Structure formats: C-alpha cells, structure tokens
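Numbering (my numbering), first residue to last: 23 to 529.
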Ligand code: SF4
C-alpha cells in the first residue's frame, strides 16, 4: 500500500511542518509514506498527474492525506474533485484547520472519504491502519486525539538537505495559546502545551549541524514561559558566538506586554540581523480589545516595543487588524499613528478574516459584520466601516506593504506620512489607486515615479524629490558610514523577511 501526504504551500519557500509531523508519526507505515508538496498556482492537472505517478502499482490501497488550509482550500477542492474523477479508488483523507470546523457543508469534505479534525499526529496513522487492515472505519469524521506531548515524534529530521538549503524551517517548542482573542483559531486552545525542551533543543542542534541557519518558530506566544524562552535564546546565542561568520537567524511571535528583565537582557545580546519578532497589537482601542476578549496592557505593550526598538537589534514586525467589531476608521487611525510613532520596522496592516471555528461570529448581528463567503473570508463591511471604505483600507494595506514594509522607500516614507501618518498615507493610497487602477503588478521603477509625482503634488521641489528618491530608489541602501552591515549572507536569506530586514538595517 502507499500513503501520500500532500498539500499546497503558499510559497515554495514554505516547507510544511504539519505534513512532516504526520510522516514522523506514521509508525510501521512510515516506510510506505511519501511526502509531496506543491505550491498554490500550480495547475490542478499537473498536481493530479504527479500524485497519480506515485500510486500503488500492485493493486493495493493508495491513501492520499491532504493538509487543507485557508490559503489552499479552493485549489485543494479542485485537486480532490479531479482525483475522484480519474482515480476514484484512491482513498482521500483530509485534515488541517480549514476543515476542522464547520466542515459539514464544505464541498471538499463531501468529496473526500475521511476527515480528521484537530490534531492529526496520532489519529491519522490510526485511521490509515484501519483503512488498510480493516474493519473499514464506519465514521467519515474522526476527531483528532491529542496525545501527551512526549508521545509525538518530532519531525525535524524529515527536513531534507534541500529544504535546509532553500526553504524556511518551521519549528515549534509548544503548541496552543492560553489567550482567547476571538478572531484567532488559537483562542480555542485555552492553554499551551510545551514539547520536552531538551529533546527539542537536540533537534535544533542537529538541524544546525546539517547547515540550517534560518529558524521560524510557529509558537503562538514564544515569551509565555520565560525560562523556556531564555534557554532557546541561549541556544542561538551560543551558535552566534561559536560561528560569528556563519550566523543564525530566528523568528518568534511575542505577546507584547510581557518582557521581563531576564528576557530583555538576553535579547540585547543578539547582534543586528539575527532576531526577528512578530508582535500582535491588533488594536490599541481598549473597548475593541474587551469586545474580542483580547487581554493586553497597552501601556506596557507600547513601552516594550519602544524598548525593543531603542535597546535591541531585533527586527520588529507588528500586526494591526482593521475591521474588528467596535473599531471605526478614526479609532483605527489613532492606533496606527500610535504604532508608527513607536517606529517598528514593519507594520502588518491586516484586514479581519473570519476563520472557521473562531468565536468572532458572536458579534455578527450587533456590529453588522459582513464577511466574504469565499476564502480567506475577509471582512467586507461593519456597522462602522462601509464596503467602499473597507476597500480603501484593503488598498492601503497593499500599498503599505509595497512602499513602507518593503524598506525600499525608507527615507521617502516619513515625508509621505508627515504628522498624520494614517490619513496622509490614506490620501496617497487613494490617489495611487486612481492613477494605476491596480494594487498588484506595479513595477518598482513605476512606483518610484508615482511616489515622486505625489510628493511634488504635496509641494516638494523637484530637487528634494530627486534627492530623497535617489537615496531610496530600487532598494539601493544609502551608503551611511555607520550603518550596520546585514549579517545574513545571501545564501542564508531565502525568504522575504530577512531580505527586507537587511534593507531596514541599512536604512
Ligand atoms: S491572537 Fe495571539 S495571543 Fe490571541 S489567541 Fe491568537 S495566538 Fe493567542
């Protein structure tokens, strides 16, 4: 028999951690289990052809397990539908967050043979054993059993040498989150479960020995248990000290209002270009935070972001979400301006999405929440932000990424933002959209020309515009004598974030 584990990743550089967990936990089926990853945008027929090429040739059972996520549900549905047309004998098993909740009406679930919801590490192999050895499972849906963490085999040896050389390596020291932000799937966890730290660090050690230098932690709250966080940071500090010419890079998600002194002390030891933090603020409005059950001390959060910016070399990527219940444009603008004043390297301006299973829907009536019925279920309007305004915010987000987060206009951006960052950039965004009628496929030289045109419209002289744009244009870092050199060598920078980080470092 043959078991194929498959998914469509959002980018080639993303290596699926979920599939590798399944493969690592297949027990005596592991030798018959293969992993086949694709990237969204691939032709359905190509994916189906490639999967069928690995089908069992001796007439025995073939099972294909698909990891289904918000970014691939539509394409996965097409793949499963085509497989069921051309090879109906293949058993299709689905898993992943996008099919773990509200799955009854989903087309892909109707097409599949089985569904594993929630944790699949143990339940998927059990289900495969039943399918192969019988008796045939009676139930279509199998609720994933959550085993003790020590029973889960760690998957890191399944990252191939090619993965290590060319892709982001996702790792996790814990699963789950103790907080209950209603827009987030992790709100359903109610707690976090750590893996045995020594085993985990041994796996990191072995990845490092194999050449891994870029580690992205998917732990929802890295700084929850400070003792654990410190040991992990120390692992990376030791590597940096032992191999200063071949540095590591680590990315963590932090809760912003919890940064004890011991953690700060460790963070300050990291050189530029080695550490990146993703920090969720989401909203600075206390009423909105209370509505979505997000517990956050805004003052502490702001103080910690300021401290990180001024006292550490960590690269900060801070998230805000527009479209939350109770938040109008003015309130969002105040939060945005407050965040801009803290000067994080990147602001991720997200638009609220209704993830399946999240409790945010309890506000639907009261706050007039209207979500796109199609993935990624983005909010279209609320009682405080109408559809047209929401579309302006969506474009703002896209242009912000192109102009601000890209790091390509580091010297020009403060001029665009002036004293009222949100409304100034909104005016620029509205104008840019009128000029281009596009939010994608704007070539960088055209964008630079348009930025210059906008600045002239605001009254800047040709000489000033040319001077500032020539410093920034095309991401050419200014030749500042004291600017820290990006310490990530090109061959160790396979993802967008570190490349952007390198640009921010030199700005
Ligand atoms: S948004 Fe962050 S802190 Fe809140 S539940 Fe999700 S993972 Fe936890």
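C-beta: ideal position from N, C-alpha, C; glycine also.
Values in this document were obtained by computation on a predicted structure and should not be read as measured data.
Exercise. With a cut-off of 8 Å, do at least 3 Cβ pairs link the stretch 341 to 359 to the stretch 438 to 456?
Worked result: Because the criterion of three Cβ pairs below 8 Å is met, the stretch 341 to 359 and the stretch 438 to 456 touch.
Exercise. Would the stretch 372 to 379 and the stretch 337 to 344 be scored as touching if the rule is three or more Cβ pairs under 8 Å?
Worked result: The stretch 372 to 379 makes contact with the stretch 337 to 344; the number of CB pairs closer than 8 Å reaches 3 or more.
Problem set entry | The alpha helix (DSSP H) enclosing residue 284, as first and last residue numbers | In the DSSP assignment, residue 284 falls within the alpha helix (DSSP H) that extends over 283 to 290.
For this session: Give me the Cβ distance between residue 349 and residue 392, rounded to the nearest whole Å; I'm assuming they're in contact under 8 Å.
Result: Residue 349 to residue 392, Cβ: 15 Å. No contact.
For this session: Work out the CA separation of residue 156 and residue 194 for me, nearest whole Å.
Result: If you take the alpha carbons of residue 194 and residue 156, they lie about 34 Å apart.
Problem set entry | Which listed residue (59, 36 and 74) has its alpha carbon closest to that of residue 24 | Nearest option by C-alpha distance: 74.
For this session: Measure the alpha-carbon distance for residue 414 versus residue 453 and round it to whole angstroms.
Result: When rounded, the distance between both Cα atoms is 11 Å.
Exercise. How is residue 375 classed by DSSP in three states: helix, strand or coil?
Worked result: If DSSP states are grouped into helix, strand and coil, residue 375 belongs with the strands.
For this session: Keeping to the same chain, check which residues put their C-beta closer than 6 Å to that of residue 216; ignore five residues upstream and five downstream.
Result: Only residues of its own chain outside the window of five on either side were considered, and among them 196 have a CB closer than 6 Å to the CB of residue 216, listed in chain order.
For this session: Along the beta strand (DSSP E) that carries residue 403, what are the first and last residues, could you check?
Result: For residue 403, the enclosing beta strand (DSSP E) covers residues 401 to 403.
For this session: Report the option in 131, 124 and 435 whose CA atom is closest to the CA atom of residue 113.
Result: When each option's Cα is compared against that of residue 113, the closest is 131.
Exercise. Between which two residues does the alpha helix (DSSP H) containing residue 108 stretch?
Worked result: For residue 108, the enclosing alpha helix (DSSP H) starts and ends at 95 to 108.
For this session: Report yes if the C-beta of residue 371 is less than 7 Å from at least one heavy atom of ligand 1; otherwise report no.
Result: Because no heavy atom of ligand 1 lies under 7 Å away, the Cβ of residue 371 does not count as near it: no.
For this session: Return the first residue and the last residue of the beta strand (DSSP E) that residue 298 is part of.
Result: DSSP places residue 298 in the uninterrupted beta strand (DSSP E) bounded by 297 to 304.
Exercise. Closer than 7 Å: is that where the CB of residue 251 sits relative to any heavy atom of ligand 1?
Worked result: Outside the cutoff, so no.
Problem set entry | residue 283 classed as buried or exposed, judged by whether at least 16 other C-beta atoms fall within 10 angstroms | Its Cβ having fewer than 16 others within 10 Å, residue 283 is exposed.
For this session: Counting only runs of 4+ residues fully inside the stretch 197 to 243, write out the alpha helix (DSSP H) ranges in chain order.
Result: Taking only runs of at least 4 residues, the alpha helix (DSSP H) segments lying wholly in the stretch 197 to 243 are 219 to 231.
Problem set entry | Helix, strand or coil at residue 118 according to DSSP, with G and I counted as helix | Of the three classes helix, strand and coil, the one that applies to residue 118 here is coil, per DSSP.
Exercise. Do residue 86 and residue 150 have their C-beta atoms within less than 8 Å of each other?
Worked result: Contact flag unset, no.
Problem set entry | Alpha-carbon to alpha-carbon, residue 280 and residue 173 | Approximately 31 Å, taken between the alpha carbons.
Exercise. Looking at C-alpha atoms only, which residue of 123, 69 and 133 is the closest neighbour of residue 140?
Worked result: Just measuring C-alpha positions, the residue of 123, 69 and 133 sitting nearest residue 140 is 123.
Exercise. What does a CB cutoff of less than 7 Å around residue 261 pick up in its chain, not counting 5 residues either side in sequence?
Worked result: Sequence-distant Cβ neighbours of residue 261 in its own chain, meaning closer than 7 Å and more than five residues away, are 230 and 270.
For this session: Identify, in the order they occur along the chain, each residue of the same chain with its Cβ nearer than 6 Å to the Cβ of residue 406, setting aside the five sequence neighbours on each side.
Result: Contacts found: 350.
For this session: Could you say which of 303, 316 and 346 lies nearest to residue 326 if we only look at CA atoms?
Result: In terms of Cα proximity to residue 326, the closest of 303, 316 and 346 is 303.
Problem set entry | Residues near residue 431 by beta carbon distance below 6 Å, same chain, minus five either side | Within the same chain, and ignoring the five residues on either side of residue 431 in sequence, the residues whose Cβ sits closer than 6 Å to its Cβ are 425 and 494.
Exercise. Three-state secondary structure (DSSP) at residue 280?
Worked result: Secondary structure at residue 280: coil, using DSSP grouped into helix, strand and coil.
For this session: For residue 28, write down the residues that DSSP places opposite it in a beta bridge.
Result: Residue 28 pairs with 58 and 88.
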